[in-house]
Amino acid sequence: MNKTPSILIREIHPQEYHLLEEFLYEAIFIPEGVERPGKEVILRPELAVYYKDFGKESDYCLMAESKGEPVGAVWIRLFPECGKGYGFVDVRTPEVCMSVLPSYRNKGIGTALLNTMLDSLARRGFKQVSLSVDEENYAFRMYGKAGFETVSTDGISATMIKKLNT
Numbered sequence: 001m002n003k004t005p006s007i008l009i010r011e012i013h014p015q016e017y018h019l020l021e022e023f024l025y026e027a028i029f030i031p032e033g034v035e036r037p038g039k040e041v042i043l044r045p046e047l048a049v050y051y052k053d054f055g056k057e058s059d060y061c062l063m064a065e066s067k068g069e070p071v072g073a074v075w076i077r078l079f080p081e082c083g084k085g086y087g088f089v090d091v092r093t094p095e096v097c098m099s100v101l102p103s104y105r106n107k108g109i110g111t112a113l114l115n116t117m118l119d120s121l122a123r124r125g126f127k128q129v130s131l132s133v134d135e136e137n138y139a140f141r142m143y144g145k146a147g148f149e150t151v152s153t154d155g156i157s158a159t160m161i162k163k164l165n166t
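Here UniProt numbering is used: the first residue of the sequence shown is 1, the next is one more, and so on.
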C-alpha cells in the first residue's frame, strides 16, 4: 500500500527561500516531554547558518508540494571551516537538512525527498553527503536505511555520511 499522497518534488523557487526558516524550525527534534522552544531559536548563529543568505551557487533545495502548497524540503549547503553546521565533515561535502511538516509525516514524503536529493547530488559529482541527527529522532533510522553511516557521536547526536555512487 502506498501511503504517499499526491506529491510533486521540485526545485525551490527564489521567492520561497524564506520558507527554509519554517522548515528548519520543524526539523528541530524535541524529545517527548520537553517543551518546544520558541521560533526565535532558529536565529541562533549555529542554526541560522542553515538558511541565512540561501541561494548561493552551491546551495540546492528540493520542495515537496501537495495541492500547490510546500509540505517538505530537503536542502544542502557547503560550509567553510568557520561557520560550519553540526554535521560538517569537510568543505567539499554538502550537509543535508530536511523537514516535512508534522501533518505530512509518516507518508513516505521524507524518503522520497531524500532519495531525489541523493540522486541529484550523485549526478552533480559529489562523492558523499553528511548530516547531523539526534539519535532518538525517528529520522535517525530512516537515514540508516538510506545508507548513511554514523562517523561520530556525542551520545546524543550523530554525524552521518552517505557515500554516493558517482
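For each residue, glycine too, the CB sits at the ideal point set by N, CA and C.
Assigned with DSSP and collapsed to three states, residue 11 falls in strand.
Secondary structure note for residue 111: it is in no beta strand (DSSP E), and the uninterrupted alpha helix (DSSP H) holding it is 109-123.
DSSP places residue 141 within a helical segment (H, G or I) once states are collapsed to three.
Straight across, the Cα-Cα distance linking residue 123 with residue 41 is about 35 Å. Of all alpha-carbon atoms in 157, 6 and 154, the one lying nearest the alpha-carbon of residue 67 is that of 6. Counted as a single uninterrupted DSSP element, the stretch harbouring residue 73 is not any alpha helix (DSSP H) but the beta strand (DSSP E) occupying residues 69-77. Linking residue 126 to residue 164 through their CA atoms gives a straight-line distance of about 7 Å. When only Cα atoms are considered, residue 23 and residue 101 end up about 7 Å apart. Between residue 153 and residue 131, the C-beta spacing is not below 9 Å. Ranking 71, 162 and 92 by CA distance to the CA of residue 12 puts 71 first. Scanning its chain for C-beta atoms nearer than 6 Å, with the 5 sequence neighbours on each side dropped, one finds around residue 60 the residues 76, in chain order. For residue 64, the enclosing beta strand (DSSP E) has its first and last residue at 60-66. Only residues of its own chain outside the window of five on either side were considered, and among them 139, 140, 143, 157, 158 and 160 have a CB closer than 7 Å to the CB of residue 133, listed in chain order. Residue 86 is positioned such that its CB atom lies no closer than 9 Å to that of residue 51. Around the Cβ of residue 39, a 10 Å sphere holds fewer than 16 other Cβ atoms; the residue is exposed.
Under the three-state reduction of DSSP, residue 133 is assigned to strand.
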